[in-house]
Amino acid sequence: MRKLIITQNMTVDGVIEATDDRFSSVGEDPDLDAALVAQREASDGFLVGRVTFEGMRDYWAPKIDDTTGMPDHLNRVAKYVVSSTLEDPGWVNTTVLSGPLLEDITRIKEMNGSDIVRTGSITLCRDLIALDLVDEYRLFQFPYARGRSERLFDGTPSQQLRMAKCTAFSFGATLMSFEVRRR
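Using this note's numbering, you'd call the opening residue of the sequence shown number 317 and step up by one each time.
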């Protein structure tokens, strides 16, 4: 069965909003860049809500001279967008999920393939957590404290997690991978 993985950038105090570019460290640390590429390449599915999807589609789909590999990856993988209003996604390899979330995600996880990554879309993220659909969290923590704003686990049920890996990067960020322990 495929794993549903939440990949999230966050500050040391758990804030996930990137309103002041505190997460824009691509190119500052080659090891961090390599970790981001490894996370991306381990997946063949990408799950988002409609607003995040539309922003990513409008930004990444038309890029042709980008050297990060992100447009190639996003054009290649299966994209799943949760929406009750989107009819024509306008991006290759995209499936709109409009049925009950539990059924849609369970069906996708049962398909052949590798990891399904969810990034952005905090409301969707919290819905996935509440439905116990998340298998792993990959949290990129950056050396910055915002003090207040949206946090990943606000309003979600408690979970038992097991740290699977922790990597520190030279400029101060860490990648922490936590597996969800099922009760």
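Every residue gets a Cβ at the ideal spot worked out from N, C-alpha and C, and that includes glycine.
Limits of the unbroken beta strand (DSSP E) element including residue i
| i | result |
| --- | --- |
| V393 | Counting along the chain, V393 falls outside any beta strand (DSSP E), and DSSP gives it neither H nor E. |
| A480 | 476-484 |
| V412 | 410-413 |
| F362 | 359-365 |
| L449 | Segment: none, L449 is in no beta strand (DSSP E) and carries neither H nor E. |
Selected residue, minimal CA-CA separation from residue i, among the options
| i | options | result |
| --- | --- | --- |
| E403 | L418, D382, R423, E370 | E370 |
| F487 | P346, I321, M317 | P346 |
| I445 | R498, Y396, A394 | R498 |
| E333 | S465, L348, G361 | S465 |
| K481 | A394, T490, V393, D470 | T490 |
| T472 | T410, D443, I321, M317 | D443 |
| R478 | V496, R423, V367 | V496 |
| V367 | I380, D360, V412, A351 | V412 |
| F485 | G330, L348, I424, M317 | L348 |
| F494 | R356, L455, I438 | L455 |
N- and C-terminal bounds of the alpha helix (DSSP H) containing residue i
| i | result |
| --- | --- |
| L444 | 438-446 |
| I380 | Careful: I380 lies outside any alpha helix (DSSP H) and carries neither H nor E. |
| D470 | Neither: D470 is in no alpha helix (DSSP H) and is coded neither H nor E. |
| T422 | 417-426 |
Close Cβ partners of residue i (< 6 Å) along its chain, the five nearest in sequence each way excluded
| i | result |
| --- | --- |
| L440 | G365, V398 |
| T483 | L491 |
| A394 | G361, N409 |
| I421 | L449 |
Own chain partners of residue i with C-beta closer than 8 Å, once the 5 adjacent residues on each side are dropped
| i | result |
| --- | --- |
| T327 | R338, Q457, F458, Y460, A461, R462 |
| S359 | I321, V393, S430, D431, I432, V433 |
7 Å Cβ shell around residue i - same chain, five flanking residues per side excluded
| i | result |
| --- | --- |
| W376 | M386, P387, L390 |
| M317 | K425, E426 |
| W407 | R373, A377, K395 |
Check whether the segment 370-389 touches the segment 418-433, taking contact to mean three or more Cβ pairs, one atom from each stretch, closer than 8 Å. no
When you compare the segment 413-423 with the segment 442-452, are there three or more beta-carbon pairs, one atom per stretch, that lie closer than 8 Å? yes
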